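K.L.:
Note that our numbering has the sequence shown beginning at 4, numbered continuously upward.
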Amino acid sequence: MKTTILFLVSLLFIISIHGQEIINLPHEGPDNIQWVGGEKAFFSKIWNTEVVCNVSTPSMEVFRSDASIANGTSVIIAPGGGLYALSIESEGNMVARWLNEKGITAFVLKYRLVPTGENGVKDLNETSSNNVDEFKKVVASVMPYSVADGLAAVQYVREHAGEFGIDKNKIGFMGFSAGGAVTQGVTYKGKGENRPDFVVPVYSWTSAMPVQKAPENPPLMLVICASDDPLGLAKGSIELYNSWLAADQKPELHMYSKGGHGFGMKTQDLPSDRWIGRFYDWGVAENIIAPNK
4 MKTTILFLVS
14 LLFIISIHGQ
24 EIINLPHEGP
34 DNIQWVGGEK
44 AFFSKIWNTE
54 VVCNVSTPSM
64 EVFRSDASIA
74 NGTSVIIAPG
84 GGLYALSIES
94 EGNMVARWLN
104 EKGITAFVLK
114 YRLVPTGENG
124 VKDLNETSSN
134 NVDEFKKVVA
144 SVMPYSVADG
154 LAAVQYVREH
164 AGEFGIDKNK
174 IGFMGFSAGG
184 AVTQGVTYKG
194 KGENRPDFVV
204 PVYSWTSAMP
214 VQKAPENPPL
224 MLVICASDDP
234 LGLAKGSIEL
244 YNSWLAADQK
254 PELHMYSKGG
264 HGFGMKTQDL
274 PSDRWIGRFY
284 DWGVAENIIA
294 PNK
């Protein structure tokens with residue numbers, strides 16, 4: 004009996020793994036950066052969530068909405084983690100599953116990260132605390148490749164819109180912290196097939212990707228942050244919002260008085276817990292999302 008149960012558990016595990024829809028994105032390998040070993044996935048006691056680090060090959064996991072409620076909108080999600088790791092659950096998979104319930108197809112992006120050892124969160128904390136100059140240097144060296152992965156993701160989703168059953172003119176890009184910096188980079192550089200139709204930078208790391216003038220034909224934008232962000236990102240988020248206003252656009256900004264940094268889909272019993280509902284309301288108002296009947 005015990006052997007049968009173990010067999011069934013193993014079989015379910017295999018089915019679960021093979022049930023994942025993973026897309027490896029086209030990319031060019033950098034000459035100046037080397038990763039040792041493969042991608043690492045583990046539960047971080049420091050962040051209290053599942054994380055991924057040492058990503059050298061960009062990929063996306065597809066989260067499809069039930070066909071009965073799918074509305075054609077899609078969102079590429081870029082989790083944060085200081086470019087040393089990805090908060091893959093709270094700022095990735097949980098977001099995707101919530102969007103699926105609203106009929107939105109989601110793609111959780113693993114963009115290239117700073118090469119690390121077994122624990123990218125520990126490496127992040129040590130480097131940023133003990134050698135700030137080195138930290139800034141390695142982040143700056145990897146950021147262009149992370150942004151390139153974001154652009155490749157948008158292009159792939161648009162080129163395969165028919166296969167995913169989505170509208171190629173309703174493709175969004177949502178990023179958290181370092182993923183917000185990637186979102187900005189994709190927004191500034193995106194043109195034609197790799198330009199997102201709407202963007203949602205959430206407590207974006209604007210010190211890693213400084214705010215620039217809005218590009219020509221800028222995508223619709225919703226900015227989300229908390230005034231008490233301990234990294235001081237509220238100011239950058241406001242600058243980002245203002246840069247769209249200066250371009251005669253009509254962005255939306257939700258600045259919560261409390262929420263801190265990295266709240267993602269975590270529950271803190273604060274108004275910031277409901278930020279994703281405000282995204283949905285904004286999307287409906289902007290005709291990006293068709294509400295479920």
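Idealized CB from N, CA, C, for every residue including glycine. Quick caveat: nothing in here was measured; it's all calculated off a predicted structure.
Given 7 Å as the limit, tell me if LYS269 has its C-beta closer than that to any heavy atom belonging to the ligand NAD.
P.N.:
Absent from the structure shown: the ligand NAD. Ligands present: none.
K.L.:
Just to confirm the assignment, what range does the alpha helix (DSSP H) spanning LEU248 have?
P.N.:
237 to 249
K.L.:
Buried or exposed for GLN187, please, with buried defined as at least 16 other CB atoms from any protein chain shown within 10 angstroms of its CB.
P.N.:
buried
K.L.:
Which word fits PHE46, buried or exposed, when buried means at least 16 other C-beta atoms lie within 10 angstroms of its C-beta?
P.N.:
Exposed, because fewer than 16 other Cβ atoms sit within 10 Å of the Cβ of PHE46.
K.L.:
Identify the residues that DSSP records as bridge partners of SER62: which are they?
P.N.:
ASN27 and LYS113
K.L.:
State the Cα-Cα distance for the pair VAL205 and ILE26, rounded to the nearest angstrom.
P.N.:
24 Å
K.L.:
Is it true that the region 45 to 64 meets the region 225 to 232, where meeting means three or more beta-carbon pairs spaced less than 8 Å apart?
P.N.:
no
K.L.:
GLY193 lies in the beta strand (DSSP E); which residues open and close that run?
P.N.:
If you look at GLY193, you'll find it isn't in any beta strand (DSSP E); DSSP assigns it neither H nor E.
K.L.:
For ILE107 versus VAL160, is the C-beta distance shorter than 8 Å?
P.N.:
Annotated as distal: ILE107 and VAL160, with beta-carbon spacing of 8 Å or more.
K.L.:
What does DSSP give as the partner residues of GLU255 in its beta bridges?
P.N.:
LEU225
K.L.:
Which residue wins for smallest C-alpha separation from ALA70, given the options GLU166, ARG115, SER59 and ASP276?
P.N.:
When C-alpha distances from ALA70 are compared across GLU166, ARG115, SER59 and ASP276, the shortest belongs to GLU166.
K.L.:
In the DSSP assignment, find the unbroken beta strand (DSSP E) run with MET146 in it and report its ends.
P.N.:
Element bounds for MET146: not the beta strand (DSSP E) but the alpha helix (DSSP H), 135 to 162.
K.L.:
With respect to the alpha helix (DSSP H) encompassing ILE279, which residues constitute its N-terminal and C-terminal limits?
P.N.:
278 to 288 is the extent of the alpha helix (DSSP H) around ILE279.
K.L.:
Taking its Cβ as the centre, do 16 or more other Cβ atoms sit within 10 Å of ARG277, making it buried, or is it exposed?
P.N.:
exposed
K.L.:
Here's the rule: buried if 16 or more other CB atoms are within 10 angstroms of the residue's CB, otherwise exposed. What is VAL135?
P.N.:
Around the beta carbon of VAL135, fewer than 16 other beta carbons lie within 10 angstroms, which makes this residue exposed.
K.L.:
Would DSSP call ALA44 helix, strand or coil?
P.N.:
strand
K.L.:
How close, in whole Å, do the beta carbons of GLU242 and VAL214 come, if the pair is a contact with beta carbons under 8 Å?
P.N.:
4 Å
K.L.:
VAL287: buried (16+ other C-beta within 10 angstroms of its C-beta) or exposed?
P.N.:
exposed
K.L.:
Would you grab the beta carbon distance between GLY195 and PHE176 for me? Rounded to a whole angstrom, and I think it's under 8 Å.
P.N.:
Not quite, the Cβ-Cβ distance comes to about 15 Å (not below 8 Å), so this is no contact.
K.L.:
Identify whether SER230 lies in helix, strand or coil by the three-state DSSP scheme.
P.N.:
coil
K.L.:
Please report the distance separating the alpha-carbon of THR190 from that of GLY120.
P.N.:
31 Å
K.L.:
Can you give the beta carbon distance from ALA217 to GLN252, rounded, assuming they're within the 8 Å contact cut?
P.N.:
6 Å
K.L.:
In angstroms, rounded to a whole number, what distance separates the CA positions of LYS113 and SER144?
P.N.:
17 Å
K.L.:
So VAL98 is in the beta strand (DSSP E); what residue range does that whole segment cover?
P.N.:
Note, VAL98: premise wrong, no beta strand (DSSP E); alpha helix (DSSP H) at 97 to 104.
K.L.:
Can you grab the Cα-Cα spacing for the pair ALA237 / SER275, in whole Å?
P.N.:
14 Å
K.L.:
With a 10 Å radius around its C-beta and 16 neighbouring C-beta atoms as the bar for buried, classify LYS105 as buried or exposed.
P.N.:
Here LYS105 is buried. Its C-beta has 16 or more other C-beta atoms within 10 Å.
K.L.:
Pick helix, strand or coil for SER180, following the three-state DSSP scheme.
P.N.:
coil
K.L.:
Per DSSP, what kind of secondary structure is PRO214 in: helix, strand or coil?
P.N.:
The residue asked about is misnamed: residue 214 is Val in this sequence, not Pro. It is coil, neither helix nor strand.
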